[in-house]
Each structure stands twice: as structure tokens, then as C-alpha cells.
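Novice:
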Amino acid sequence: METWRQLLGVFVAGGVGACLRVVIATAIDERGDRIPLGTWAVNLLGCLAIGILAAWVPRGPWRTIAIGGLLGGFTTYSSFALLSWELTRDDRLGAAALLVAGHVVGGLVAVAIGAWLGGLLQPST
Numbered sequence: 648m649e650t651w652r653q654l655l656g657v658f659v660a661g662g663v664g665a666c667l668r669v670v671i672a673t674a675i676d677e678r679g680d681r682i683p684l685g686t687w688a689v690n691l692l693g694c695l696a697i698g699i700l701a702a703w704v705p706r707g708p709w710r711t712i713a714i715g716g717l718l719g720g721f722t723t724y725s726s727f728a729l730l731s732w733e734l735t736r737d738d739r740l741g742a743a744a745l746l747v748a749g750h751v752v753g754g755l756v757a758v759a760i761g762a763w764l765g766g767l768l769q770p771s772t
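Per my numbering: the sequence shown ends with 772, consecutive numbering throughout.
And the structure:
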């Protein structure tokens, strides 16, 4: 079981990560590019950061706070990428392929269903 201090650390770090995500993505998107690159940039930065932290920070409370809190608030895509890379590194290519396909296809399907449900549940004006 996580300690209360560790959970508080995850909570605070997650808030910091979420604020960083909004600031960075907004700054990039406000450049006016035809393609909104802010989320893409944040996801790649999160992947770079999670790779560095996974190599540098041993398992334990600080790793949980840094990866689960800070980067969890910054982007969950980085966690998905780390899991996919670990499966690939461990020669579990089938599991890695299923994980990637499940996230991408499953995410698109979930968004489509959510949009459909949202349309059904939207109050009439």
C-alpha cells in the first residue's frame, strides 16, 4: 500500500505536470501552425522524460512520484510508450503489438462511442 506522503507527492506532482502540459501545449499551439502540435510535442517530451527517469530513478517512492505523478499529469501517453517499449525490449512483440493496437484502435473507438453518446445525451435547445 502506498503511504499517505507518497500519495500526496503523486497528487502535487500530478498537478504540476498537468499545469506544465497546458502551458507548453498552449504556447506551441498559439504559434498558429495549421496542425496543432502542442499535444504531440508534450507527448514526445513526456516519452523522452519517462525514458530518462526509468533509467535513472530506482523503483520506489520517488520514481512513483516522478513517473506516476509528474509525468502522469503531464501525459499518460509516456506511460503507454514505456510499457510498449518494455514489452518490445523483453521480446514480447505480440503483447507489444496488441498493446499498441488496443490503445490506438480502442481509443479511437471509445472517442467515437463517447461522441455518439454525448450527442444522444445532449439536451435539446
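For every residue, glycine included, the Cβ atom is placed at its ideal position computed from N, Cα and C.
(1) In the segment 714-759, which residue ranges form an unbroken alpha helix (DSSP H) of at least 4 residues, counting only runs that do not cross its ends?
(2) By a C-beta neighbour count over all protein chains shown, 10 Å radius and 16 as the cutoff for buried, is GLU649 buried or exposed?
(3) What's the C-alpha gap between LEU667 and ALA742?
(4) Give every residue of the same chain whose Cβ lies closer than 6 Å to the Cβ of ILE747, excluding the five residues on either side of it in the sequence, and list them in chain order.
(5) In angstroms, rounded to a whole number, what distance separates the CA positions of LEU654 and PRO705?
(6) Cβ of ILE714 within 9 Å of Cβ of ILE697?
(7) Applying the criterion that 16 or more other CB atoms from any shown protein chain within 10 Å of the CB defines a buried residue, is ALA674 buried or exposed?
(8) Within 10 Å of its beta-carbon, does ALA757 have 16 or more other beta-carbons around it, so buried, or fewer, so exposed?
(9) How big is the Cα-Cα spacing for ALA759 and LEU740?
Specialist: Reading it off the structure:
(1) 724-736
(2) exposed
(3) 32 Å
(4) Reading off the sequence, residue 747 comes out as Val, not Ile. Cβ within range, chain order: SER731.
(5) 18 Å
(6) yes
(7) exposed
(8) exposed
(9) 28 Å
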